[in-house]
Amino acid sequence: MACASAEQEPVTRDDPSGPLLVATGVRKIYRNPAGDVEVLRGVDIEIHSGELVMVMGPSGNGKTTLLNCLSGLDSIDAGTVFVDGVDIHRMSDRRRTRMRAKRMGFVFQSFNLIPVFTALENTELPLLCVGVGPRQARIAAERSLERLGVAEKMHRRPLELSGGEQQRVAIARSLVTDPHIIWADEPTGSLDHRTAGEVLGVLHEVHESGQTLVVVTHDRAIGATGERLIQVVDGAVNFDGPPEDVPPEPELVAE
Amino acid sequence: MIEIGAGVGAAVLVAMLAVAAHDLIRRPGFRRLAVRNLARRRTEAVLVVVGSSLGTAIIASAFLVGASFHASVRDSARTQLGPIDETVTVAHLDDLGAVTEALRNPALAHSDGILPALQATATVTSGGSVHADAAARPDQRAEPSADVLGLDVAAARSFGGRPDDTGLAAVPGRLGPGDAVVSRSLADSLAVGVGEPVTLHAYGTTRSFEVAAITDPVGLAGAAEVIVDPDALRSMTSEGSGTRRVVPRGVVFVSNDGGVFDGSERTDHATAAIRARLEPRFDVEIASSKADLLAEADQRGRAMGQLFTGVGTFSVLAGLLLLVNLFVMLAEERKRELGLARATGLERWHLMRVFSLEGLFYAVAASVLGCFAGAGLAWAVVDSASGLVGPGAGADEPGRAAFGLHLVLPTGLLITAGLIGLGLSMATVWITSGRIARLDIVRALRDLPEIPRRHHVLRSSGPAGIGVAAGAALSLWGLFAVVPLAAVLGPPIGLCSAIPLLRPIVGRRITTTIVSVGTLVWCVGVFTFVPRITDHTGIPVYVIQGVVMVAAAVGLATALDRTWLFAAGLVTRTGRGLAVRLGLAYPLEKVFRTGMLVGMYALIVFTLSFVAVYGQISQNQTATLTRQVAAGGDLLVDANPSNPPSASEVAAVPGVAGVQTVWRAMPRFTTARGGDAHSWPASGFDSSMLTWGVPHLTERAARFSSDRAVFEALVADPHLIVVDERFGDTNGVSASSRGPVGLGATVRAEDPTSGRSTTYRVVGVTSKDVTGAGSWVSASSLRGLSGVGAVPSRFSVRVGNGTNPDDVARRLQNELVTNGVQASTYAAEVADAMSVELGFLRLMQRYMAIGLVVGIAGLAVVMVRAARARRRQVGMLRVIGFSPDTVRGAFLIEATFIAGQGIATGVGLGLLVSFQMLSRSAALGGEVMPYAVPWPTIGLLAVVPFVASLVVSLVPAHQASSVDPAKVLRMAE
């Protein structure tokens, strides 16, 4: 009953030294009794190692769904998503889970820490999951928490921490496996301005250390701090380029 | 006291229902909230109702079992007595006519019938004659000992004024000298019909009768298996040879005004009037037959009701714990909702009422369902128990009559059980709601855990100090006045009272550890620390001790969370270890919920283990008991006392190597303390019995060095007696509960027929009188007391070397069929007696096992709710790399951890407490039994609930592992 185990041979791309992530023609349809809703309409994206990518767009236009599909959390209806040269949607769930555990980190708006574990235990979970020994896992978790500035509160439960501290622990948890890419979905959405700024600063520090980061946000100010901005409107990529070149859109301005 | 408690309980229930009714009608907001929550989770609502209904089911079934015993014994008044209210037994048969006349003229006040009759016992065979060669009568059937009534049937029909009540209404005309009325059970057993012959063997003679009618067991027809003309019976006595035997008894039945049941209300007046009229002139014994039987019905019904209620208490308790758990979980799920309700103006009192209104719906449904389930359960119990108390069961037990057990379903009792179940559920819901309503609004809105309330040390130190002092006082009283219950409970009460004082100083975990360990150490060691209290400790004290230990063990288990986490940390190297860690984290975090569940399991498994060990040890006694009872013999041979064979006739049967004769009589005993005289069997022996061996004594007077010396003294001194431990036990009330009839006591014995009496001093006590010996005196003493009433109708037989005792027993029965001989090995007698006891134990175990169903249902509900409540967390775990298998494994580990803790605690304490009880003498009437653990049963007790817990957790575990992480996280965001 390991966290995940090898099951089937993944489909690989010819050029493994290329972009970290290549998504082509990604489509996602939510099927409802009231009617199907196409949330992603043939998205093509490439993400290179070390990039800080901001994904922006109005609410309900498919930002989170895009993140879920690119990270393999959610299935897709058409297209391919290659991560490190492997098509993650052609993998079994077990293999995909294992890949997520080893190569990806996640940060969510509501932190999603496990309330019955301490900050330290939460942080070491991903390592234990990939089979790292408890001693090494603990050392790595402590380092990660130290890096995020919450080492002194490592033995506290999530509910004994402030929102900012919880998000720092969540980021520490996402970093602890030294992932190839970190997905952050509205990481500052639940925080006040000052704390949001602090967390954003932490994310930038993480990026500056060479980490690839994909941040979903609806906050234009945050979006502007990235190197690259992808604008998603109605399930399609409306813009992909430097933040300063993004065309002013009424909806976005209003937001 | 019970009435006051019931009154208070009823008042509280009415108050709770009044508030609920008010809210239901006048508070649409409350009603909407309560109903909406019910409708929102229908499956869980059904689970809650089913789980909660078990408590009511247990209460209802206990009531119904008690009522069924009561009604069944009471029904014996109709089936075995009919119009008979009093029975006058004449000492001299020749007085029968004069006594009858004295009662008839002038007519007794409030009496509607006087009926003389002869009572006898005879062997009855089918067919007109018995072949001397057993092989020549393969189809002939025999009833070795049948009750025979010599009765004027025509007069009997009008006895009491209601022919239907006599059971003889359908019997035609008068009985001729060759006619017999046979009971349906005997006719079936002999395979005879109307017009066919049967043969009676009694008083050394044989006479054939033609079956004139077959009757159902009602009234006079139910009082005997054969009814013949009294002159025919009388003539058999005169025809017989001069062998020593019981002669027919002359009796006069008296019927009081009124029906079968209400006639007994006049029994005091009637008995006084009969006594006034007869006693100056005649030697008679007057018995209030009907009133005594109805009193027995009341006593047995009450005893069985209390027994099953007592046994079921653990399950009811488990059901209440389940209810508490469920409501605490409901509150946790709706924390934000509740916080919002409070923030928008709902007072605490209102919140309690909303919850209690929701609880009312559950409780009402559970009570109704519980009543139906209780009826089913009672049916199962009665069905199982009927084989244990029905005809043939425990027939050798003095003071106990077999009766036909049947289920009754009194509506009033079902409603009472339903209301008690409702009241308990409602009270539990109210108390739990009170706890829930004390939430912190802000923390609830932010979904933060409640901060443990700070207890004012000064404010709580007063009551705590009083509690500690009370515990200490109780302990001292228990130890110095030798009151075991006080000695056992005193220190735990003191320790628990000290909790508010200790917690601010050393914290929750250490306080719980100190109190739990202290309680456990005291309960385990109390009988070692203070050995003298063991002589006064009964089984109930051991059970209470066990319950206290279960509570302490559960407390300790909750305080050991760090130990468990440490252990979990050690096995985290693999994916399985991770599941273990995750599986333990939640139950260790939710201390209250885990404690409740562990307590539910532990309580039930504790009682089941305890009973299992007791049963095993009883079973192990079979060989020893057989040796002790047999006293050197192989077969116990009982003959019809009206026609016993001689010892030489018994010895002449092939395979018999030796015979000892035992004289039997039924004197009436009175203790030196006075009180009513009671009939009890007496067995007389002579010195020849001593050559084989003597029955085992559990107690003997100090001056005797051995059991044998006691029996030698009995032969030498006609005023010494050995009694069994239940000497004088009538209607299930043992003599010892009325005061000891132990060593050194003086008892007066009187022969009811001759009126002769003698005084005996008790010099020995036997236990487990499986052969129904009753009491032992010398044969000469018994013959001197009872005269012709002392009959040599019992024999102890030795079989030749290499001969199969069972073959010899069969041969004895075949060849001495006309003497009504019944022969069986001592081992079979003991096994029969044990099978009744073990049957009851198994019945108790099955009944108690219902509590396990409550526990398992509780766990299922908790796991289903946990799977739902943790969807987002599981989603996150899946995101960071947990496989579905790990999540599923964690859920299963969580369930089995809880069940395993409860089972281990229950089994451990069950074995420990039973060891303590069985290794000490007082609880089991002075017997020290070798301890033995029934490992297969204990294994089943551990494995079955464990596996069942695992199985019921599979569905929630699968649901949890199947969550779509993207979906649940998106919903959460």
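Read top to bottom, the protein sequences are chains A and B. Going by my numbering, the letters in the first sequence line up with residues 423 to 677, in that order. Going by my numbering, the letters in the second sequence line up with residues -2 to 970, in that order. Virtual Cβ for every residue (Gly too), placed ideally from N, Cα, C. Since the model is a prediction, treat every value here as computed from it, not as a measurement.
Look at B:R500: its C-beta is not under 8 Å from any C-beta on chain A. B:A210 has B:V178 as its beta-bridge partners, per DSSP. In the structure shown, the three-state DSSP call for B:E282 is strand.
Nearest C-alpha to B:Q625 among B:E826, B:L14 and B:A901: B:E826. Within chain A, the residues whose beta carbon sits less than 7 Å from that of B:Y583 are V538, listed in sequence order. For B:Y844, the enclosing alpha helix (DSSP H) covers residues Y823 to M845. Within the stretch 598 to 639 of chain B, not a single complete alpha helix (DSSP H) segment reaches 4 residues in length. Considered as a whole, the stretch 854 to 936 of chain B harbours 868 to 876 and 881 to 915 as its complete alpha helix (DSSP H) runs of no fewer than 4 residues, in chain order. Uninterrupted alpha helix (DSSP H) stretches at least 4 residues long and entirely within the stretch 677 to 758 of chain B occur at 704 to 713 and 732 to 735, given in chain order.
The Cβ atoms of B:F250 and B:L419 do not sit closer than 8 Å to each other. Across the structure, A:V598 and A:F504 are spaced so that their CA atoms are roughly 23 Å apart. The alpha carbon of B:I224 has as its nearest neighbour, out of B:L183, B:G504, B:V952 and B:F324, the alpha carbon of B:L183. Flagged as an interface residue toward chain A: B:M873, by a C-beta distance shorter than 8 Å. Spatial neighbours of B:N34 in its own chain (CB-CB distance under 7 Å, excluding positions within 5 residues in sequence) are listed in chain order as E355. By the criterion of a C-beta distance shorter than 7 Å, A:H470 is surrounded in its chain by P441 and L442, once the five residues flanking it on both sides are discounted. At a cut-off of 3 residues, the continuous stretches assigned as beta strand (DSSP E) that sit fully inside the stretch 600 to 667 of chain A are 603 to 607, 634 to 638, 650 to 655 and 658 to 663. Using a Cβ distance threshold of 8 Å, B:V759 and B:L740 count as a contacting pair.
The alpha-carbon separation between B:I877 and B:L416 amounts to approximately 52 Å.
Here A:A445 is bridged, per DSSP, to A:I467 and A:V503.
Taking a contact to require three or more Cβ pairs closer than 8 Å, the stretch 50 to 65 of chain B and the stretch 844 to 857 of chain B qualify as touching. By the C-beta criterion, the stretch 70 to 86 of chain B is judged to be in contact with the stretch 268 to 284 of chain B, since at least 3 inter-stretch pairs fall below 8 Å. Rounded to whole angstroms, the Cβ separation of A:A658 and A:V465 is 7 Å, and the two are in contact under 8 Å. For B:L499, the uninterrupted alpha helix (DSSP H) segment begins and ends at I496 to F526.
B:R297 and B:V121 have their C-alpha atoms spaced approximately 32 Å apart. Rounded to the nearest angstrom, the gap between the Cα atoms of B:L230 and B:A117 is 8 Å.
The beta-carbon separation of B:G903 and B:A599, rounded to 4 Å, stays under the 8 Å limit for a contact. When the alpha-carbon of A:G555 is set against those of B:T883, B:L782, B:T604 and B:L575, the nearest one is in B:L575. With 16 or more other Cβ atoms from the protein chains shown falling within 10 Å of its own Cβ, A:D607 counts as buried.
Residue-level contact check: A:N483 does not touch chain B, since none of the beta carbons of chain B fall below 8 Å from its beta carbon.
A straight line joining the alpha-carbon of B:R159 with that of B:A153 spans about 10 Å. Against B:E586, the close residues of chain A are V538, in the order they occur along the chain (beta-carbon pairs closer than 7 Å). A:A523 belongs to the set of residues whose beta carbon lies under 8 Å from a beta carbon in chain B. Taking a Cβ-Cβ threshold of 7 Å, the residues of chain B close to A:D496 are A963, in chain order. Among the residues of the stretch 844 to 877 of chain B, those with a Cβ less than 8 Å away from any Cβ of chain A are R869, Q870, G872, M873, L874, R875, V876 and I877, in the order of the chain. By the criterion of at least three beta-carbon pairs nearer than 8 Å, the stretch 537 to 551 of chain B is in contact with the stretch 908 to 915 of chain B. As the crow flies, the alpha-carbon of B:R299 is around 37 Å from that of B:V518.
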